[in-house]
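Below is one structure, written out as structure tokens, with a few remarks after it.
Number of protein chains: 2
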Amino acid sequence: MASAEIDQLTQALARLPGLGPRSARRAVLHLLKKREAALTPLLRALGTVADKLATCGICGNVDTTDPCGICTDAKRDTRSLCVVEEVSDLWALDRSRLFPGKFHVLGGRLSALDGVRPEDLGIDTLIARVSGGDIDEVVLAMNATLEGQTTAHYLAERLESHPVRITQLAHGLPVGGELDYLDEGTLAQALRARRPVA
Amino acid sequence: MASAEIDQLTQALARLPGLGPRSARRAVLHLLKKREAALTPLLRALGTVADKLATCGICGNVDTTDPCGICTDAKRDTRSLCVVEEVSDLWALDRSRLFPGKFHVLGGRLSALDGVRPEDLGIDTLIARVSGGDIDEVVLAMNATLEGQTTAHYLAERLESHPVRITQLAHGLPVGGELDYLDEGTLAQALRARRPVA
Chain A
5 MASAEIDQLT
15 QALARLPGLG
25 PRSARRAVLH
35 LLKKREAALT
45 PLLRALGTVA
55 DKLATCGICG
65 NVDTTDPCGI
75 CTDAKRDTRS
85 LCVVEEVSDL
95 WALDRSRLFP
105 GKFHVLGGRL
115 SALDGVRPED
125 LGIDTLIARV
135 SGGDIDEVVL
145 AMNATLEGQT
155 TAHYLAERLE
165 SHPVRITQLA
175 HGLPVGGELD
185 YLDEGTLAQA
195 LRARRPVA
Chain B
5 MASAEIDQLT
15 QALARLPGLG
25 PRSARRAVLH
35 LLKKREAALT
45 PLLRALGTVA
55 DKLATCGICG
65 NVDTTDPCGI
75 CTDAKRDTRS
85 LCVVEEVSDL
95 WALDRSRLFP
105 GKFHVLGGRL
115 SALDGVRPED
125 LGIDTLIARV
135 SGGDIDEVVL
145 AMNATLEGQT
155 TAHYLAERLE
165 SHPVRITQLA
175 HGLPVGGELD
185 YLDEGTLAQA
195 LRARRPVA
């Protein structure tokens, strides 16, 4: 019914995470009806990003500049480095504005199942950055999954010989978490890492 | 954190129906990471549609051609015309492939509250199409809302003097509807329009 061009747009949108065929159709209708207010700005923003898109040669972040905005930010503490699996993790941590240092994106996690080996990740560049000195602390901010934790252990071993403090994110109850609804693994972690009441 | 260009893209996506700031961010990350597979096709599809976008001068549909693909489709029955409020309604009905005729989009519904009067809708063009002869049946496919039904009544009156059969969509239980969960209005409609068991 809709022309082939509109169908192609719907399909391109439907492939985005969080959008299915139905919501993509609604989004396309919205774009068609609001040409000036929705279609044109989206087209312009997409075109600009497509033109400038770059992977940061230092940390592996994606941005419209290389080095990225974080690596070039003079206000950030160059002495602490937070290692994450994916760009999405970097964005999530950065949104919280709690970490004042720089980042390093591995581009995945070690996985025997998926055949991801250390040389497939940005580990050599990490070691090089740490070897360059100037870094006091490396925060291993891997996901609390089996593969994430395996990766963290591997990195901790590789970094052992370097004169840096190696830390990792605390595990335990999430904010608002109710004991009754939490899995045993989380409860075990929270109990094991229990702290004296201040 | 993300550059201004990436922020603008996130905001443009977040304004689409069905996407909020969070899912827009995920979609942008996906686009940045899958440049060839996601960003480029979306940009191309969007550009093509933006170039060709047109409102059909006959029926009010939006398409990449004017007249639209439905109006120029020789396989459709020109003797029946289905009147809908919005382009989205046209698309929904057309997806069902149950209506073989042509469509007419009013572009809204009569609303005292929102100040929408008959002259604000595509009613004159509808009357002109019907007056042109060649049409046997006009299906009023308004929404089953107060304003939709007011619009349908108004159209029925306006079309009364024309030699066409005027029908409207049946009201009653939706497929899978359980009496216990349906509102009284629907139950009343379903009971009022009850039919002999075949």
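Protein chains in written order, with this note's numbering: chain A, 5 to 202; chain B, 5 to 202.
Glycine included, every Cβ here is placed at the ideal spot set by N, Cα and C.
Predicted model only: the values in this text are computed from it and were never measured.
- Message: I want to know whether the region 39-51 of chain A touches the region 61-68 of chain A - three or more CB-CB distances under 8 Å.
- Response: The way I'd put it, the region 39-51 of chain A doesn't touch the region 61-68 of chain A; fewer than three beta-carbon pairs between them come closer than 8 Å.
- Smallest Cα separation from residue 156 of chain A: which of A:122, A:136, A:197, A:196? A:122
- Quick one: give me the first and last residue of the alpha helix (DSSP H) that residue 141 of chain A is part of. Counting along the chain, residue 141 of chain A falls outside any alpha helix (DSSP H), though it belongs to the beta strand (DSSP E) covering 141-144.
- Message: Report the start-end ranges of each beta strand (DSSP E) in the region 64-138 of chain A that is 3 residues or longer and not cut off at the edges.
- Response: 81-88, 105-109
- Message: For the beta strand (DSSP E) containing residue 170 of chain A, name the first residue and the last one.
- Response: 169-172
- Would you call the region 23-30 of chain A and the region 180-199 of chain A touching, i.e. three or more CB-CB distances under 8 Å? no
- Kindly list, in the order they appear in chain A, the residues whose Cβ is closer than 8 Å to that of residue 67 of chain B. Those within 8 Å of residue 67 of chain B in chain A are 6, 7, 10.
- Roughly how many angstroms separate the alpha carbons of residue 104 of chain B and residue 7 of chain A, rounded to a whole number? Cα atoms of residue 104 of chain B and residue 7 of chain A: separation of roughly 17 Å, rounded to the nearest angstrom.
- Anything in the region 96-111 of chain A with a Cβ closer than 8 Å to a Cβ of chain B? List those residues in chain order, please. 98, 99
- Residues, ordered as in the chain, of the region 70-85 of chain B that lie near chain A by beta-carbon distance below 7 Å: Of all residues in the region 70-85 of chain B, only 73, 74 come within less than 7 Å of chain A when Cβ atoms are compared, listed by chain position.
- Item | Beta-carbon proximity list for residue 176 of chain A, same chain, < 8 Å, skipping 5 on both sides | 190, 193, 194, 197
- Check whether the Cβ of residue 115 of chain B lies closer than 8 Å to any Cβ atom in chain A. Not an interface residue.
- Give a yes or no on whether the minimum CB-CB distance between residue 53 of chain A and chain B is below 8 Å. By this cut-off, residue 53 of chain A is an interface position.
- Query: According to DSSP, which residues form a beta bridge with residue 59 of chain A?
  - Reply: A:66
- For residue 31 of chain A, go through chain B and note every residue whose CB falls closer than 8 Å to its CB, in chain order. Contacts between residue 31 of chain A and chain B, judged by CB atoms closer than 8 Å, involve 20, 21, 22, 23 in chain order.
- Task: Could you confirm whether any beta carbon from chain A is found closer than 8 Å to the beta carbon of residue 43 of chain B?
- Result: yes
- Query: Beta carbon of residue 125 of chain A, beta carbon of residue 151 of chain A: below 8 Å?
  - Reply: no
- Query: At a CB-CB cut-off below 8 Å, which residues of chain A make contact with residue 135 of chain B?
  - Reply: Chain A residues near residue 135 of chain B: none, gap ~27 Å exceeds 8 Å.
- Please check if any C-beta of chain B sits within less than 8 Å of the C-beta of residue 3 of chain A. Residue 3 of chain A lies beyond the stretch modelled for chain A, which goes from 5 to 202, so this question has no answer here.
- For residue 25 of chain B, which three-state DSSP category applies? helix
- Task: Could you tell me how far apart the beta carbons of residue 80 of chain A and residue 74 of chain A are, in whole angstroms, since I believe they sit closer than 8 Å?
- Result: 7 Å
- Are residue 86 of chain A and residue 72 of chain A closer than 8 Å when you measure CB to CB? no
- Any Cβ of chain B within less than 8 Å of the Cβ of residue 125 of chain A? no
- Task: Determine the DSSP secondary structure at residue 201 of chain B, reduced to helix, strand or coil.
- Result: Reduced to three states, the DSSP call for residue 201 of chain B is coil.
- Item | Contacts that residue 47 of chain A makes with chain B (C-beta to C-beta distance below 8 Å) | Simply 47, 50, 51, 54.
- Exposed unless 16 or more other CB atoms sit within 10 angstroms - verdict on residue 89 of chain A: buried
- Interface residues of chain A around residue 16 of chain B at Cβ under 9 Å? 42, 45, 46, 47, 48, 49, 50
- Query: Per DSSP, what kind of secondary structure is residue 19 of chain A in: helix, strand or coil?
  - Reply: coil
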